[in-house]
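Engineer:
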Amino acid sequence: MTTKVKDEILHDHNHDGIDRRGFLKCMAWAGTGALCVMQGGVLKSYGLSRLSDLGGRAPAAGELSFAQISDSHMGFNKPANPDVAGTLKAAVDKINGLSTAPEFLLHTGDISHLSKPEEFDTVDQILKATGKEVFFVPGEHDVLNDDGAQFRERYGKGAKGAGWYSFEKKGVHFIGLVNVMNLKAGGLGTLGHEQLEWLEDDVKHLKHSTPLVVFAHIPLWTVYPDWGWGTEDSAQALAYLKKFGSVTVLNGHIHQTMQKVEGTVTFHTAASTAFPQPEPGKAPSPGPMKVPAEQLRSVLGITDVNYVRGQQALAVVDSSLA
Amino acid sequence: MSRRVWIFVLAAPVIAAAALLISGARSVTASAGQAPASSAEVKIDNFSFGPTTLTVAPGATVTWTNRDDIPHTVVSDDKVFKSKVLDTDEKFSYTFTKPGTYGYFCSIHPKMTGKVVVQ
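Protein sequences, first through last, are from chains C and U.
FYI, the numbering for the first sequence is 3 to 324, going by the working numbering.
FYI, the numbering for the second sequence is -12 to 106, going by the working numbering.
1. Where His59(U) and Asn33(U) are concerned, what is the direct C-alpha to C-alpha distance, given to the nearest angstrom?
2. Of the choices Leu108(C), Ile97(C), Ser117(C) and Phe122(C), whose alpha-carbon is the least far from that of Ala131(C)?
3. For a quick check, are the C-beta atoms of Trp51(U) and Val67(U) less than 9 Å apart?
4. Quick one: does Ala187(C) have its CB under 9 Å from some CB of chain U?
5. Give the DSSP bridge partners of Gln70(C), in chain order.
6. For the alpha helix (DSSP H) that contains Trp51(U), what are its first and last residues?
7. Mind checking Asn16(C): buried by the 16 CB within 10 Å criterion, or exposed?
8. State whether the stretch 85 to 96 of chain C contacts the stretch 30 to 49 of chain U, with contact taken as three or more CB pairs (one from each stretch) at a distance under 8 Å.
9. What is the DSSP secondary structure of Asn253(C), counted as helix, strand or coil?
10. Less than 9 Å between the beta carbons of Lys78(U) and Tyr89(U), yes or no?
11. Using a Cβ-Cβ cut-off of less than 8 Å, list which residues of the stretch 141 to 164 of chain C approach chain U; keep chain order.
12. Check whether chain U comes within 9 Å of Leu190(C), counting only Cβ atoms and requiring the distance to be less than that.
13. Is any beta-carbon of chain U found at less than 9 Å from that of Lys80(C)?
14. Leaving out five residues before and five after Trp166(C) in sequence, what residues of the same chain have Cβ atoms less than 7 Å from its Cβ?
15. So with Cβ pairs under 9 Å, would you call Val29(U) a contact of chain C?
16. With H, G and I counted as helix, E and B as strand and the rest as coil, what does DSSP make of Thr34(C)?
17. For Leu66(C) and Thr82(U), what's the separation of their Cα atoms in angstroms?
18. Would you kindly check if the distance between the Cβ of Asn253(C) and the Cβ of Phe269(C) is under 9 Å?
19. Using a Cβ-Cβ cut-off of 9 Å, state whether Trp229(C) counts as contacting chain U.
20. By alpha-carbon positions, which one of Asp204(C), Ser236(C) and Gln70(C) ends up nearest to His175(C)?
21. How far does the beta strand (DSSP E) with Val180(C) in it reach, from first residue to last?
22. Against chain C, with Cβ distances strictly below 9 Å, would Ser35(U) count as a contact?
23. Provide the residue(s) that pair with Ala317(C) in DSSP beta bridges, ordered along the chain.
24. What residue range does the beta strand (DSSP E) around Lys31(U) cover?
25. As a quick exercise: from Asp73(C), Thr102(C) and Gly88(C), pick the residue whose alpha carbon is nearest that of Tyr309(C).
26. Based on Cα-Cα distance, which residue from Phe217(C), Pro288(C), Ala151(C) and Asp148(C) lies nearest to Ser168(C)?
27. Run through DSSP, which three-state label would Gly90(U) get?
28. Which two residues bound the contiguous alpha helix (DSSP H) that contains Gly88(C)?
29. Give me, in chain order, the residues of the same chain whose beta-carbon lies closer than 7 Å to that of Pro104(C); leave out the 5 immediate sequence neighbours on both sides.
30. Using the rule of at least 16 other Cβ atoms within 10 Å of the residue's Cβ for burial, across every protein chain shown, is His210(C) buried or exposed?
31. Taking Cβ to Cβ, would you say Ala2(C) is nearer than 9 Å to Asp56(U)?
32. Is any beta-carbon of chain U found at less than 9 Å from that of His115(C)?
33. When the distance is taken between beta carbons, is Ile95(U) closer than 9 Å to Leu146(C)?
34. Just curious, the beta strand (DSSP E) that Val125(C) is in, first and last residue?
35. Could you round the C-beta distance between Val2(C) and Gly111(C) to whole angstroms and report it? I think they count as a contact, below 8 Å.
36. Tell me, please, which residues DSSP counts as bridged to His143(C).
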């Protein structure tokens, strides 16, 4: 898994794009930059070194750009990354250097490592340097010991239930979901009945042409159940979104970029800003993966997303911190 | 000469047996599936509880130690016991007074499950 090899990967799923029912094979690579272009439910992704090959086909700057960061794990201090504040700052620098400035940020959870107030404080302080509004959903590390009370106090004002909410930006409907609460023995992430009912109601009156962006911590598709990388009742949530022509699902939790297209739904997970985790099943456990210090930033990253009105799908671009 | 040797040979197993009895009393407490037991340990390694099933006598105190780089919890399925979050090398203990089977899991990583059998 060298950077060189990954950069040369060119995925083109045109063969599967016509009936849109294709269940595309997950592609995983840990952290190298990739440009993902969605058109008509068909995903094409390019290693960043191949961008010059795209010529004029790269997506134009659109009406709305935003960036996603995830899994900051502030407070983590083990060998896999003894300086998670430093790498979060590098992520902020990356965001501030994007050619199209994002209007706001999404943080898809595990802001803190141990839900300590000072961990949240540090992240808030570092993210201030972006000057952007940040929308959060909790990861399991953010709701330790208090069932998420502190998280909701800090980030969930005006949110419903355990902290779910929705908002509009330039015609795009954003939905932040919580799937890290009340986890049951042996189970996966869970949304729960109350949240599902809210979701059904939330999208009921939207036009089918409204682009949706759904964000939550644990993947809303089953990446690898043996490691708990999935959400038990996500199928029900996705059923409510079926009528929409463009749905982009953004998750974190697995500390590596991965994507899948199913019908009109694009699933995407972001890299962590703190430490990488192994590819599914490639290690005895999903614990932090130690890489040589000089390689660390190449397996951490941010994601920025660009929406162009009139185009069916959003362009999702991952870039590493290296 | 040969007589002394014979006595020594006879004595050796007796001493060994006595030593076994003394050390055995200690080792029984630390091993699964043996009774009686007054304390036992479960180690958390690589996102799993070891041993997955632990059998102890009533009154035994079980101590969980998190040896992962990632925090875990120890929460009984029926909310009989519930640890705070355990960071690396932190411990949680619970004393089981009533016989029964106690399923438990990590509430952060619910695929991690274990069982304590008190009998």
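The C-beta atom is built at its ideal place from N, Cα and C for all residues, glycine as well.
The model shown is predicted, which means the values in this text are computed figures rather than measured ones.
Structural biologist: Result, derived from the coordinates:
1. 11 Å
2. Ile97(C)
3. no
4. yes
5. Leu108(C) and Thr305(C)
6. From DSSP, Trp51(U) is part of no alpha helix (DSSP H) but of the beta strand (DSSP E) over Ala47 to Asn53.
7. Its pLDDT being 34, under 50, Asn16(C) is placed unreliably by the model, and nothing is read from it.
8. no
9. strand
10. no
11. Glu142, His143, Leu146 and Asn147
12. yes
13. yes
14. Gly178, Leu179, Val180, Gln197 and Trp200
15. no
16. Only weak support exists for where Thr34(C) lies, its pLDDT of 35 falling under 50; the value from the coordinates is given anyway. Three-state DSSP puts Thr34(C) in coil, outside helix and strand.
17. 57 Å
18. yes
19. yes
20. Asp204(C)
21. Element bounds for Val180(C): n/a, residue is neither H nor E.
22. yes
23. Asn308(C)
24. It is worth fixing the name first, because residue 31(U) is Ile in this sequence and not Lys. Note, Ile31(U): beta strand (DSSP E), Ser26 to Asp32.
25. Thr102(C)
26. Phe217(C)
27. strand
28. Val86 to Asn98
29. Ser67, Phe68, Ala69, Ile97, Lys134 and Asp306
30. exposed
31. Within the shown structure, residues of chain C are numbered from 3 to 324, placing residue 2(C) beyond reach of any answer.
32. yes
33. yes
34. Not the beta strand (DSSP E): Val125(C) falls in the alpha helix (DSSP H), residues Pro119 to Leu129.
35. The structure shown does not extend to residue 2(C), since chain C spans only 3 to 324, so no value can be given for it.
36. Answer is none; His143(C) lacks a bridge partner.
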